[in-house]
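In UniProt numbering, the protein residues as written are 1 to 516.
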């Protein structure tokens with residue numbers, strides 16, 4: 001539950017918001033991390049020392065449901081001469097370490113990120129006659145924060161979030177989100193580390209699909225060139241009724257299609273309703289490690305497998321001659337890889353889960369025949385997997401949201417994969433890899449060219465895999481909530497993690513997260 005109040009009004013846990021020139025008494029009482037972020041807000045809005053805030057009545061660290069302590073709301077006059085309309089500017093407080101006493105975030109030093117290393121912002125076009133900012137964006141930001149806290153996966157610029165519902169619960173076409181650097185908020189050095197500001201940008205379904213097929217940064221650049229679709233500061237207008245491709249039809253063919261052909265897709269995976277079963281031979285008993293039984297309690301991925309899948313999804317944006325699947329036990333320093341700090345937890349499961357991982361899950365097995373299950377939305381992404389990923393020497397992962405298993409398609413250009421041309425189907429515990437050669441992918445794409453429905457695409461695709469893979473699909477299209485997509489993510493971000501599905505706070509959203 002949250003309440004709306006001026007940030008300068010006395011609150012149950014916070015003193016008045018000080019600015020850069022606040023009296024020393026206030027500065028000593030005010031949490032240092034919060035004070036540092038307020039200083040950046042006061043730099044940008046010196047005439048609004050006490051903006052309206054949506055405040056969590058019971059703080060998250062006291063057992064409340066809302067991870068963000070505050071969301072401040074400022075009135076930004078924009079710049080009409082630069083096609084920047086007047087708008088409301090929302091800024092979160094809580095994803096970074098505000099207190100430095102480990103009540104929420106573990107202190108790791110001043111040189112690294114503070115907390116998760118970022119706060120969220122959002123710019124909403126101000127409607128004529130609107131005297132106060134709408135508060136629904138604050139709940140939207142709380143929803144994204146819940147995902148971050150519960151999965152411990154972070155967002156980066158260029159990530160997309162598939163929401164599949166108008167952001168303000170209206171009839172708007174703005175039903176999904178991209179993330180980018182806030183154009184005005186500068187990174188802040190706090191006593192507990194560095195904080196950057198990621199801005200939420202509302203987009204239409206067609207724009208989300210283009211970001212998935214190509215990349216989020218490319219679509220953000222296109223949105224910046226269309227004033228009514230965002231303009232230079234990427235301001236969300238919930239009344240926008242046209243996509244950028246309807247406003248300028250040339251953008252699809254001249255920018256997006258060419259970009260996909262040249263660059264491929266940087267979406268390295270999705271969390272979806274999917275499963276697989278080893279059909280090479282029936283299991284000898286319920287504990288036979290050669291089979292993943294569907295319909296029973298699925299086996300859990302080990303911490304090593306989970307970390308390798310995450311690293312795989314993080315590396316998709318790297319421009320290497322050969323994309324690399326990292327070793328199962330990579331060398332790490334202080335818990336971080338050299339490329340990018342991973343999720344702060346080593347496994348999607350609790351620490352206690354590793355104790356029940358059978359030893360045989362560590363073995364890699366070559367399979368002769370497997371059975372795959374996908375829902376319809378997952379199937380619709382198979383052409384993206386083939387054309388945007390495998391043809392460019394990359395990989396694509398489906399991570400189950402209903403069980404702890406994963407399916408990764410790899411090309412011959414991916415080093416470190418345990419699937420090979422000699423043994424194209426291989427499993428490491430519940431993680432299945434399927435290797436497809438470039439020639440085979442091209443043949444599949446030719447055969448898929450005339451198909452339109454996701455069900456036809458999936459069935460035809462799996463029938464072509466040498467007849468060794470069988471398919472189970474629902475007879476009717478699955479609702480959108482069955483697939484979660486978070487290109488969760490940015491310069492090597494992990495794509496969408498199943499942990500989103502673990503959050504009961506995403507009742508009608510699919511969060512598209514990541515890029516590789």
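The C-beta atom is built at its ideal place from N, Cα and C for all residues, glycine as well.
Is it buried or exposed, residue i, if we count other Cβ atoms within 10 angstroms and call 16 or more buried?
{"i": "residue 273", "result": "buried"}
{"i": "residue 443", "result": "exposed"}
{"i": "residue 258", "result": "exposed"}
{"i": "residue 408", "result": "buried"}
{"i": "residue 62", "result": "exposed"}
{"i": "residue 40", "result": "buried"}
{"i": "residue 246", "result": "exposed"}
{"i": "residue 250", "result": "exposed"}
{"i": "residue 187", "result": "exposed"}
{"i": "residue 401", "result": "buried"}
{"i": "residue 375", "result": "buried"}
{"i": "residue 170", "result": "exposed"}
{"i": "residue 476", "result": "Summary for residue 476: the model assigns pLDDT 36, below 50, so the residue's position carries little reliability; its value from the coordinates is reported in the next sentence. By the neighbour-count rule (16 or more Cβ atoms within 10 Å), residue 476 is not buried but exposed."}
{"i": "residue 102", "result": "exposed"}
{"i": "residue 430", "result": "buried"}
{"i": "residue 213", "result": "buried"}
{"i": "residue 237", "result": "buried"}
{"i": "residue 377", "result": "buried"}
{"i": "residue 424", "result": "buried"}
{"i": "residue 129", "result": "exposed"}
{"i": "residue 262", "result": "exposed"}
Can you list, in chain order, the residues of its chain whose CB lies under 7 Å from that of residue i, leaving out five sequence neighbours each side?
{"i": "residue 119", "result": "37, 91, 92, 93, 95, 96, 195 and 197"}
{"i": "residue 426", "result": "364, 365, 366, 367, 418, 419 and 433"}
{"i": "residue 386", "result": "441, 444 and 445"}
{"i": "residue 205", "result": "175 and 176"}
{"i": "residue 82", "result": "232"}
{"i": "residue 351", "result": "Note that residue 351 scores 30 on pLDDT, short of 50, meaning its location in the model is unreliable and no value can be drawn from it."}
{"i": "residue 243", "result": "204, 206 and 207"}
{"i": "residue 100", "result": "32, 33, 107, 191 and 192"}
Among all the DSSP beta bridges, which residues are the ones paired with residue i?
{"i": "residue 3", "result": "55"}
{"i": "residue 250", "result": "The partner list for residue 250 (beta bridge, DSSP) is empty, contrary to what the question assumes."}
{"i": "residue 192", "result": "Residue 192 is not bridged to any residue."}
{"i": "residue 73", "result": "52 and 90"}
{"i": "residue 141", "result": "DSSP, once it has assigned bridges, lists no residue as partnering residue 141."}
{"i": "residue 274", "result": "374"}
{"i": "residue 239", "result": "Per DSSP, none; premise fails for residue 239."}
{"i": "residue 398", "result": "270 and 407"}
{"i": "residue 177", "result": "161 and 202"}
{"i": "residue 32", "result": "Partner(s): none; residue 32 has no beta bridge."}
{"i": "residue 517", "result": "The structure shown does not extend to residue 517, since the chain is modelled only from 1 to 516, so the question has no answer here."}
{"i": "residue 123", "result": "89"}
{"i": "residue 79", "result": "84"}
{"i": "residue 118", "result": "196"}
{"i": "residue 364", "result": "428"}
{"i": "residue 113", "result": "194"}
{"i": "residue 168", "result": "BP columns for residue 168 are empty, so no partner."}
Using C-beta distances below 6 Å, list every residue in its chain close to residue i, excluding the 5 sequence neighbours before and after it, in chain order.
{"i": "residue 86", "result": "77, 78 and 126"}
{"i": "residue 215", "result": "266"}
{"i": "residue 218", "result": "259"}
{"i": "residue 449", "result": "none"}
{"i": "residue 56", "result": "2, 64, 66 and 69"}
{"i": "residue 80", "result": "none"}
{"i": "residue 58", "result": "64"}
Please state whether the Cβ-Cβ distance between residue i and residue j is less than 8 Å.
{"i": "residue 268", "j": "residue 395", "result": "yes"}
{"i": "residue 138", "j": "residue 54", "result": "yes"}
{"i": "residue 381", "j": "residue 270", "result": "yes"}
{"i": "residue 45", "j": "residue 74", "result": "yes"}
{"i": "residue 191", "j": "residue 33", "result": "yes"}
{"i": "residue 173", "j": "residue 240", "result": "yes"}
{"i": "residue 405", "j": "residue 276", "result": "yes"}
{"i": "residue 149", "j": "residue 67", "result": "yes"}
{"i": "residue 223", "j": "residue 160", "result": "no"}
{"i": "residue 202", "j": "residue 179", "result": "no"}
{"i": "residue 104", "j": "residue 60", "result": "yes"}
{"i": "residue 109", "j": "residue 154", "result": "no"}
{"i": "residue 234", "j": "residue 369", "result": "no"}
{"i": "residue 438", "j": "residue 411", "result": "yes"}
For residue i, which residues of its own chain have a beta-carbon under 8 Å away from its beta-carbon, when the five flanking residues on both sides are left out?
{"i": "residue 121", "result": "89, 90, 91, 92, 182, 185, 197, 198, 199 and 200"}
{"i": "residue 4", "result": "52, 53, 54, 55 and 135"}
{"i": "residue 84", "result": "78, 231, 232, 233 and 235"}
Throw me the rounded Cβ distance for the residue i and residue j pair, which I believe falls under 8 Å.
{"i": "residue 132", "j": "residue 52", "result": "7 Å"}
{"i": "residue 390", "j": "residue 436", "result": "6 Å"}
{"i": "residue 112", "j": "residue 193", "result": "5 Å"}
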